[in-house]
Amino acid sequence: MKKCLFYLSMIALVLFAAITPAVAKTYVVGTSADFPPFEYIKDGQIVGFDIDLIKAIAKSQGFDVKFQDISFDSLIPGLTAGTIDIVASGMTITEERKKVVDFTEPYYSANQAVLVKKGSGKNVTALFGNHKIAVQTGTTGDLWVEENLEKTGILKGKVTRFDTFVLAIQDLINGNVDAVVLDTPVAKRYMAENPVTMVAEIITGEEYGIAVAKGNKDLLDKLNKGLKEIKANGKLDELLKKYF
């Protein structure tokens with residue numbers, strides 16, 4: 029009798045395992061939601077190209093994602109500390125960053141742009157002389173300005189760093205800074221919605237990638253496989269048309 033009960037229990041356990049759906053893995057995606065159209069806040073929700081992109085990749089690979097909005101310069105530290113699993117935030121692949129995180133294959137190419145306040149009379153010369161140049165801390169615009177202003181001395185302005193581009197653009201509109209250096213597609217979006225204008229494009233040939241902690245090959249492979257699939261099935265083109 030005890031043997032029968034044991035076998036019945038084992039059969040029930042096997043049947044339960046067979047009919048119980050597997051729980052999908054959930055990854056925490058870090059993003060800095062002040063970078064339209066890649067990531068921004070709309071009606072209290074984080075939306076944008078990168079958000080839809082990572083959702084499409086997650087769907088193709090059978091995992092779930094939840095988003096955490098943090099400052100851009102905290103994204104890589106968040107990966108290395110393990111508080112987030114993925115960075116999807118218009119992040120340019122650079123040699124310096126590749127030393128501490130791993131990137132997927134590129135999914136978008138961009139340059140840097142120079143914004144000034146509309147009607148200010150300023151142009152690209154706002155990068156030179158006694159002017160204030162605004163950047164977001166840790167971005168490639170920040171790195172470009174640092175390289176050309178603080179290291180080579182080609183630029184002569186004074187750099188002001190902000191936690192978000194929202195603050196940088198607001199200071200530009202208020203006349204507290206003379207120019208903002210940021211990624212071209214984002215500059216165009218801010219230009220469409222604010223009294224600012226783009227006066228120059230700096231050809232930097234940057235490529236964006238999705239980042240994971242160094243050595244997390246399993247997750248990186250999933251992301252690359254998903255990226256390849258959404259390129260092949262037309263989903264990536266659909267998102268590009270939607271946002272750009």
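This note's numbering applies: residue 29 is where the sequence shown begins, and numbers increase by one. Yeah, the Cβ is synthetic: ideal placement off N, Cα and C, and Gly gets one too. These figures come from a predicted structure and were not determined experimentally.
Residue environment, residue i, which counts as buried when at least 16 other CB atoms sit within 10 Å
i: residue 223; result: exposed
i: residue 66; result: buried
i: residue 234; result: buried
i: residue 131; result: buried
i: residue 58; result: buried
i: residue 268; result: exposed
i: residue 146; result: exposed
i: residue 208; result: buried
Distance, residue j Cα to residue i Cα
i: residue 232; j: residue 253; result: 28 Å
i: residue 136; j: residue 120; result: 9 Å
i: residue 270; j: residue 81; result: 11 Å
i: residue 260; j: residue 249; result: 16 Å
i: residue 280; j: residue 51; result: Residue numbering for the chain in the displayed model covers 29 to 272; residue 280 lies beyond these limits and cannot be assessed.
i: residue 255; j: residue 96; result: 21 Å
i: residue 258; j: residue 150; result: 42 Å
i: residue 263; j: residue 84; result: 8 Å
i: residue 109; j: residue 155; result: 36 Å
i: residue 74; j: residue 176; result: 34 Å
i: residue 206; j: residue 148; result: 9 Å
i: residue 188; j: residue 142; result: 14 Å
i: residue 204; j: residue 78; result: 31 Å
i: residue 127; j: residue 244; result: 14 Å
i: residue 30; j: residue 90; result: Because residue 30 sits at a pLDDT of 47, beneath the cut-off of 50, its placement in the model cannot be relied upon, and the following sentence gives the value as read from the coordinates. Approximately 41 Å, taken between the alpha carbons.
i: residue 144; j: residue 202; result: 11 Å
i: residue 64; j: residue 247; result: 26 Å
Identity of the residue in the options nearest residue i by Cα
i: residue 194; options: 183, 214, 185, 108; result: 214
i: residue 92; options: 113, 76, 107; result: 113
i: residue 228; options: 110, 199, 210; result: 210
i: residue 94; options: 206, 203, 64, 54; result: 54
i: residue 251; options: 98, 104, 116; result: 116
i: residue 56; options: 107, 237, 99; result: 107
i: residue 242; options: 266, 190, 163, 104; result: 104
i: residue 140; options: 111, 216, 87, 90; result: 216
i: residue 198; options: 163, 111, 70; result: 163
8 Å contact criterion, which residue i and residue j should meet: CB distance rounded
i: residue 62; j: residue 192; result: 4 Å
i: residue 239; j: residue 129; result: 5 Å
i: residue 230; j: residue 172; result: 7 Å
Heavy atom of the ligand NAD within 7 Å of residue i beta-carbon
i: residue 270; result: This structure simply doesn't include the ligand NAD, nor any ligand for that matter.
Residue-chain proximity (residue i, chain B), Cβ-Cβ < 8 Å
i: residue 104; result: Among the protein chains of the structure shown there is no chain B, as only one such chain exists.
For the pair the stretch 159 to 174 and the stretch 184 to 191, tell me if three or more CB-CB distances fall below 8 Å. yes
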